[in-house]
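First up is the structure itself, then whatever we jot down about it.
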Amino acid sequence: RGVIHRDLKPNNVLVDLSDESNPVVKLLDFGIARAVDEKKGIAARKRNTVTGTPKYMAPEQIKGDWHEEGPWTDLYAIGSMTWQLITGKPPFTGDEDSEIFRAHLEEELPAFKSRIPVPKGLEDWLRRLLAVEPQARFQRSADAAYALTSLLEEERVMLNRERDEDFKSQLSSPESMPT
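Put into C-alpha coordinates, the structure is as follows:
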(Lines of atoms letter the chains of each structure in order from A; the text may use other names.)
(Lines give C-alpha, C1' and ligand atoms only; values in the text may rest on other atoms or scores of the structure.)
Protein backbone atom coordinates (compact mmCIF):
# COMPACT_ATOMS: atom_id res chain seq x y z
CA ARG A 9 0.00 0.00 0.00
CA GLY A 10 1.30 3.43 -0.90
CA VAL A 11 3.87 2.08 -3.38
CA ILE A 12 3.82 1.56 -7.14
CA HIS A 13 6.16 -1.33 -7.95
CA ARG A 14 6.56 -0.37 -11.65
CA ASP A 15 8.33 -3.62 -12.63
CA LEU A 16 5.86 -6.40 -11.98
CA LYS A 17 6.79 -9.35 -14.16
CA PRO A 18 6.93 -13.13 -13.66
CA ASN A 19 10.54 -12.98 -12.38
CA ASN A 20 9.49 -10.55 -9.62
CA VAL A 21 6.56 -12.60 -8.32
CA LEU A 22 7.00 -15.64 -6.11
CA VAL A 23 4.23 -17.91 -4.90
CA ASP A 24 4.89 -19.64 -1.58
CA LEU A 25 3.03 -22.95 -1.59
CA SER A 26 4.49 -24.27 1.67
CA ASP A 27 0.94 -24.20 3.05
CA GLU A 28 -1.10 -25.51 0.10
CA SER A 29 -4.36 -24.36 1.64
CA ASN A 30 -3.06 -20.79 1.91
CA PRO A 31 -0.67 -19.82 -0.92
CA VAL A 32 1.12 -16.51 -0.41
CA VAL A 33 2.24 -14.20 -3.21
CA LYS A 34 5.47 -12.31 -2.58
CA LEU A 35 6.81 -9.45 -4.68
CA LEU A 36 10.53 -8.97 -5.27
CA ASP A 37 12.79 -6.18 -6.56
CA PHE A 38 11.43 -2.81 -5.56
CA GLY A 39 14.38 -1.07 -7.24
CA ILE A 40 12.27 1.28 -9.40
CA ALA A 41 9.26 1.50 -7.09
CA ARG A 42 7.74 4.89 -6.30
CA ALA A 43 5.86 6.17 -3.29
CA VAL A 44 2.29 7.27 -3.93
CA ASP A 45 0.85 10.54 -2.68
CA GLU A 46 -2.17 9.10 -0.84
CA LYS A 47 -4.22 12.28 -1.36
CA LYS A 48 -3.57 12.69 -5.08
CA GLY A 49 -2.98 9.03 -5.99
CA ILE A 50 0.10 9.78 -8.09
CA ALA A 51 3.69 8.70 -7.84
CA ALA A 52 6.17 11.10 -6.32
CA ARG A 53 8.97 11.48 -8.86
CA LYS A 54 11.54 14.08 -9.83
CA ARG A 55 12.36 13.34 -13.48
CA ASN A 56 10.90 11.60 -16.50
CA THR A 57 12.64 8.29 -17.07
CA VAL A 58 11.33 5.20 -18.79
CA THR A 59 12.08 2.16 -16.66
CA GLY A 60 10.55 -1.29 -16.38
CA THR A 61 10.25 -4.46 -18.42
CA PRO A 62 8.73 -3.63 -21.83
CA LYS A 63 6.37 -6.63 -22.12
CA TYR A 64 4.62 -5.65 -18.87
CA MET A 65 4.85 -1.84 -18.87
CA ALA A 66 1.74 0.35 -18.83
CA PRO A 67 1.37 3.00 -21.55
CA GLU A 68 1.83 5.91 -19.11
CA GLN A 69 5.06 4.31 -17.92
CA ILE A 70 6.29 3.91 -21.50
CA LYS A 71 5.51 7.58 -22.22
CA GLY A 72 7.30 8.69 -19.06
CA ASP A 73 4.07 10.28 -17.77
CA TRP A 74 4.97 10.04 -14.10
CA HIS A 75 2.00 12.18 -13.12
CA GLU A 76 -0.31 9.55 -14.70
CA GLU A 77 1.19 6.64 -12.75
CA GLY A 78 -0.72 5.09 -9.89
CA PRO A 79 -2.00 1.72 -8.70
CA TRP A 80 -3.54 1.24 -12.16
CA THR A 81 0.02 1.14 -13.57
CA ASP A 82 0.80 -2.05 -11.64
CA LEU A 83 -2.65 -3.43 -12.47
CA TYR A 84 -1.75 -3.15 -16.16
CA ALA A 85 1.32 -5.33 -15.48
CA ILE A 86 -0.84 -7.82 -13.58
CA GLY A 87 -3.12 -7.92 -16.61
CA SER A 88 -0.14 -8.61 -18.88
CA MET A 89 1.11 -11.40 -16.64
CA THR A 90 -2.34 -12.96 -16.31
CA TRP A 91 -2.80 -12.79 -20.10
CA GLN A 92 0.51 -14.62 -20.47
CA LEU A 93 -0.43 -17.28 -17.90
CA ILE A 94 -3.69 -18.02 -19.69
CA THR A 95 -2.70 -17.68 -23.35
CA GLY A 96 0.98 -18.67 -23.21
CA LYS A 97 2.41 -15.29 -24.21
CA PRO A 98 2.17 -11.65 -23.15
CA PRO A 99 -0.32 -9.53 -25.06
CA PHE A 100 2.42 -7.61 -26.87
CA THR A 101 5.78 -8.93 -28.02
CA GLY A 102 8.49 -7.90 -30.45
CA ASP A 103 12.18 -8.20 -31.23
CA GLU A 104 12.98 -4.65 -30.12
CA ASP A 105 11.77 -2.71 -27.09
CA SER A 106 10.54 0.04 -29.43
CA GLU A 107 8.23 -2.48 -31.18
CA ILE A 108 6.77 -3.59 -27.86
CA PHE A 109 6.33 0.02 -26.70
CA ARG A 110 4.51 0.95 -29.91
CA ALA A 111 2.23 -2.08 -29.56
CA HIS A 112 1.28 -1.16 -25.97
CA LEU A 113 0.48 2.39 -27.07
CA GLU A 114 -1.15 1.87 -30.46
CA GLU A 115 -2.30 -1.69 -31.12
CA GLU A 116 -5.53 -3.40 -30.13
CA LEU A 117 -5.17 -6.36 -27.82
CA PRO A 118 -4.83 -9.60 -29.77
CA ALA A 119 -7.55 -12.24 -29.85
CA PHE A 120 -7.88 -13.92 -26.48
CA LYS A 121 -7.03 -17.62 -26.98
CA SER A 122 -7.09 -19.33 -23.61
CA ARG A 123 -5.13 -22.56 -23.18
CA ILE A 124 -7.17 -23.46 -20.12
CA PRO A 125 -10.83 -23.19 -19.10
CA VAL A 126 -11.53 -19.75 -17.62
CA PRO A 127 -14.64 -18.19 -16.09
CA LYS A 128 -17.01 -16.31 -18.33
CA GLY A 129 -16.13 -12.64 -18.08
CA LEU A 130 -12.42 -13.13 -17.42
CA GLU A 131 -11.47 -11.80 -20.84
CA ASP A 132 -13.43 -8.59 -20.16
CA TRP A 133 -11.74 -8.29 -16.77
CA LEU A 134 -8.33 -8.64 -18.44
CA ARG A 135 -9.18 -6.17 -21.18
CA ARG A 136 -10.13 -3.64 -18.51
CA LEU A 137 -6.78 -4.14 -16.76
CA LEU A 138 -5.04 -3.67 -20.12
CA ALA A 139 -6.88 -0.54 -21.24
CA VAL A 140 -4.53 2.05 -22.78
CA GLU A 141 -6.09 4.93 -20.85
CA PRO A 142 -5.41 4.73 -17.10
CA GLN A 143 -8.90 6.08 -16.30
CA ALA A 144 -10.48 3.08 -18.06
CA ARG A 145 -8.68 0.61 -15.77
CA PHE A 146 -9.54 -0.39 -12.24
CA GLN A 147 -8.19 2.40 -10.07
CA ARG A 148 -7.32 0.25 -7.07
CA SER A 149 -6.23 -3.35 -6.64
CA ALA A 150 -9.16 -3.89 -4.26
CA ASP A 151 -11.56 -3.00 -7.10
CA ALA A 152 -9.87 -5.45 -9.47
CA ALA A 153 -9.82 -8.16 -6.80
CA TYR A 154 -13.51 -7.62 -6.02
CA ALA A 155 -14.43 -7.84 -9.71
CA LEU A 156 -12.40 -11.05 -10.12
CA THR A 157 -13.87 -12.59 -6.97
CA SER A 158 -17.36 -11.74 -8.23
CA LEU A 159 -16.59 -13.46 -11.56
CA LEU A 160 -15.38 -16.56 -9.77
CA GLU A 161 -18.43 -16.60 -7.49
CA GLU A 162 -20.77 -16.26 -10.49
CA GLU A 163 -18.96 -19.16 -12.17
CA ARG A 164 -19.25 -21.30 -9.02
CA VAL A 165 -22.98 -20.58 -8.73
CA MET A 166 -23.54 -21.36 -12.42
CA LEU A 167 -21.64 -24.66 -12.18
CA ASN A 168 -23.60 -25.65 -9.07
CA ARG A 169 -26.89 -24.83 -10.83
CA GLU A 170 -25.89 -26.94 -13.84
CA ARG A 171 -24.86 -29.81 -11.59
CA ASP A 172 -28.17 -29.62 -9.70
CA GLU A 173 -30.17 -29.55 -12.95
CA ASP A 174 -28.25 -32.56 -14.26
CA PHE A 175 -28.90 -34.42 -11.02
CA LYS A 176 -32.63 -33.57 -11.09
CA SER A 177 -32.96 -34.65 -14.72
CA GLN A 178 -31.25 -37.95 -13.92
CA LEU A 179 -33.67 -38.54 -11.04
CA SER A 180 -36.72 -37.85 -13.17
CA SER A 181 -35.63 -39.85 -16.23
CA PRO A 182 -37.24 -43.28 -16.75
CA GLU A 183 -33.83 -44.93 -16.90
CA SER A 184 -33.13 -43.89 -13.30
CA MET A 185 -36.28 -45.53 -11.93
CA PRO A 186 -35.82 -48.95 -10.32
CA THR A 187 -37.57 -51.80 -12.07
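Quick note: to get the working numbering, add 8 to the position in the sequence shown (first position is 1).
Think of the CB as a built atom: it goes at the ideal place given N, C-alpha and C, for glycine as much as any other residue.
The structure presented is a predicted model; accordingly, all values stated were derived computationally and were not measured.
- One alpha carbon belongs to ARG14, the other to ARG42, and they sit about 8 Å apart.
- Less than 7 Å separates the beta-carbon of THR95 from that of LYS121.
- Considering only ILE70, TRP80, ASP24, the residue with the shortest C-alpha distance to ARG9 is TRP80.
- Under the three-pair Cβ rule at 8 Å, the stretch 135–144 counts as touching the stretch 60–80.
- LYS63 carries a helical assignment under DSSP once its states are collapsed to helix, strand and coil.
- A straight-line Cα-Cα distance of about 9 Å links LYS71 and LEU113.
- By the Cβ neighbour-count rule, PRO125 is exposed, with fewer than 16 other Cβ atoms within 10 Å of its own.
- LYS128 and VAL165 have their alpha carbons spaced roughly 12 Å apart.
- With a cutoff of 7 Å on beta-carbon distance, LEU25 and PRO18 are scored as not near each other.
- With respect to ILE40, THR59 sits close: the two C-beta atoms are nearer than 7 Å.
- With contacts defined as CB atoms closer than 7 Å, LEU137 and LEU93 fail to qualify as a contacting pair.
- SER106 is positioned such that its CB atom lies no closer than 7 Å to that of PRO98.
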